[in-house]
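The numbering of the sequence shown is the numbering used here, which starts it at 54 and goes up by one.
Note that beta-carbon positions come from the ideal geometry of N, C-alpha and C, so glycine has one too.
For clarity, every value in this text was computed on a predicted model and none was experimentally measured.
The structure appears below as structure tokens.
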Amino acid sequence: MTKPSHIRNFAIVAHIDHGKSTLADRMIEFCGGLEKREMKEQVLDSMDIERERGITIKAQTVRLSYTAKNGEDCILNLMDTPGHVDFAYEVSRSLAACEGSILLVDASQGVEAQTLANAYQSIDADHEMVVVLNKIDLPAAEPERIRAQIEDVVGIDASDAIPISAKTGEGVVDVLEALIERLPAPGGDADAPLRAMLVDSWYDPYLGVVILVRVRDGVIKKGMKMRMVAAGTSHPVERVGIFKPKPDQIDQLGPGEIGFVTAGIKEVAETQVGDTLTDDSRPTTDPLPGFRPSVPVVFCGLFAVDANDFEELRESLVRLRLNDSSFQFEPESSPALGYGFRCGFLGLLHLEIIQERLEREFNLNLITTAPSVVYRIALNTGPEYELHNPVDYPDPTQIKRIEEPWIRATVMVPDEYLGSVLKLCEDRRGIQLDLTYAGNRAVVVYRLPLNEVVFDFYDRLKSVSRGYASFDYHIDGYEEGDLVKMSILVNGDTVDALSLVVHRGRAESRGRAICERLKELIPRHMFKIPLQAAIGGKVIARQTISAMRKDVLAKCYGGDLSRKRKLLDKQKKGKKKMRTFGKVAIPQEAFIAVLKLGHE
């Protein structure tokens, strides 16, 4: 068991693409965690999707041994965290397990929105911060300007910021030394009753549930019986180990140490993130405060293209949830799409990642319904309740009021694109709260309705700013809004997968855009197909797909007009009958394209 005074626990926090995973790679290499032949880029990003997209989705932990210049042998517990706003929950969990952070800033890009958000999360967690300027090998790097920007925007001292290049390894030793000198050692009493925080859990097909723990007091040993305070269950400890980054079994974990535990647990649902682990025979009377559970903000339906794949879809979702506790789902059915699941996500990127993993890892063909947010509805007759699915929208005459979630968004953008960004936010019903400058970058703070953001706000923001704008947000309460349910009718039948809750002022333009897009995407049939957008019984937009016509007069060589008229009338009756009984085949691409349709 390592003395707490020789341990340093730290997380690497930064904006997307500022080099967190690359710095982690260099640290692992310098400390001999892996041999040269075993090293690869983004070694801690274990999922294919993380490696392909170049983003971190799951926070990963590694324990490194390092001998400082003063000859002291130290243990460094590193946590590599995601940078995207959708995975901010992963960051908060990682920070709770550490005493310090490396705030990594790109020396050419400077402070971005997530840099700011993650720095404040570190300050809230009462962390010591080591500021590191990465990518100083780039010709565009301006370390002095970025130092001043960190002090102006974030408000922390950056005079001793360490310039490094995580790619080449320059300056990485200085970072390791700074961690030992500047970060506090963890506290804790090895003789006190066991108190360990459950930081993360995932499912291993061979070992069952694996729990990542941070020990505060006491010791967790192989063979002891541990109790989960919140869950109220007890389990015998089978394995205790650490990640180096390869798993390595050890006898025990003491105060300040981070490692993994397996105890033959079958269900990840039994292991609540933030729970306190204690000794069953000598339990603690003072459990740790834990975390607030993650709350999904975006909901959508997932349906298999082939109805026979429903069972396979359910098994896939259950298996995926084993490794992602922030993802939620429940069964639902739709007349248009059959049986499927209503799923809750932390954001649109989270939705995209889950959908891609289902298609790749489980070979499923999926249709995704329009993403929607959680509305609060108060009826004239009863209490307030939450609406997750537009299909369940009540009779408008029964509604007393409907509230929608709003967010507080921080956008950082170079001065020349500020006008386009302000226009985009105003178009989305945004309310400007603040506008300040850091050098030639504007920092704009807006309040925006979340349902205006979940569709394509991030893509549009990147588009109008040529990719230079960065965006961060957090939920900022609910407000009453003039919201209505818009239904899309194809040949007189409501397609519930395309139902939306929209603001009354934008319903008409939105409905027209969807009808126009559907007209392009639905193939022509033998009968005319009306496409309509309606609010209640009132049609607000319409397009018609004209019928394919067979030339029934082709065989008429001569003859009088009445014979031709008879054939045309017969064709007209057939088409009328077809339109009554005919089914309109809406291709899967049409659903996906319409759902991706932004605010044109």
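Segment contact: the region 458-475 against the region 435-450, fewer than three CB-CB distances shorter than 8 Å; contact not assigned. With a minimum length of 3 residues, the unbroken runs of beta strand (DSSP E) contained wholly in the region 320-379 fall at 329-332 and 351-357.
In this structure G72 does not touch L129 by the C-beta definition: roughly 18 Å separates them, more than the 8 Å allowed. Burial check for A193: the Cβ neighbour count within 10 Å stays below 16, so the residue is exposed. If you look at Y119, you'll find it in the beta strand (DSSP E) that goes Q113 to T120. Under a 10 Å Cβ-count criterion, L621 is classified as exposed, with fewer than 16 other Cβ atoms of the shown protein chains found around its own Cβ. Distance between P239 and D190, taken at the CA atoms: about 34 Å. Partner residues in the beta bridge of T421, as assigned by DSSP, are L355. The beta carbon of T329 is closer than 8 Å to those of R248, A249, M250, L251, M281, V282, A283, T337, P340, L341 and G343 in its chain, skipping five residues each way along the sequence.
Less than 8 Å divides the Cβ of S552 from the Cβ of I541.
Around Q202, the same chain offers G163, V164, A491 and G492 as residues with beta carbons nearer than 7 Å, after the five sequence neighbours per side are excluded. If you draw a straight line from the Cα of D159 to the Cα of I81, it is about 20 Å long. In this model, A67 and S74 are separated by some 10 Å (Cα to Cα). In this structure the region 299-315 does not touch the region 348-359; the number of beta carbon pairs closer than 8 Å is below three.
Here the region 519-539 lies against the region 453-464, with 3 or more beta-carbon pairs under 8 Å apart. Here S615 is exposed. Its C-beta has fewer than 16 other C-beta atoms within 10 Å. According to the DSSP secondary-structure assignment, T547 is paired through a beta bridge with L542. Take the alpha-carbon of V225 and the one of V263: they are about 31 Å apart. I65 places its beta carbon less than 8 Å from that of T134. In the DSSP assignment, the residues bridged to A495 are V466 and Y490. A straight-line Cα-Cα distance of about 6 Å links E310 and V268.
In the DSSP assignment, V474 falls outside any beta strand (DSSP E) and lies within the alpha helix (DSSP H) extending over L471 to D480. At a Cβ-Cβ threshold of 8 Å, D359 and N418 count as neighbours.
Of E125, K275, L229 and Q174, the smallest CA-CA separation from R79 is found for L229.
Shown here for S147: same chain residues with a beta carbon closer than 6 Å to its own, the five before and five after excluded, namely A64, A112, M132 and T134 in chain order.
Annotation: A77 to R116 spans about 11 Å, alpha carbon to alpha carbon. S523 and L169 have their C-alpha atoms spaced approximately 11 Å apart. Contact annotation, V543 with I582: C-beta distance approximately 7 Å; criterion of less than 8 Å satisfied.
In the DSSP assignment, L501 forms a beta bridge with I460. By the CB criterion at 8 Å, G317 and G261 fall inside the cutoff.
For D257, the pairing in a beta bridge is given by DSSP as G261. Fully enclosed alpha helix (DSSP H) runs of no fewer than 4 residues occupy 557-574 of the region 517-597, in order along the chain. Taken atom to atom, the span from the alpha-carbon of L486 to that of V497 is near 8 Å. Rounded to the nearest whole angstrom, the CA to CA distance from Y526 to V517 is 19 Å. Across the structure, P436 and D529 are spaced so that their CA atoms are roughly 23 Å apart.
For N171, the secondary structure class from DSSP, reduced to helix, strand or coil, is helix.
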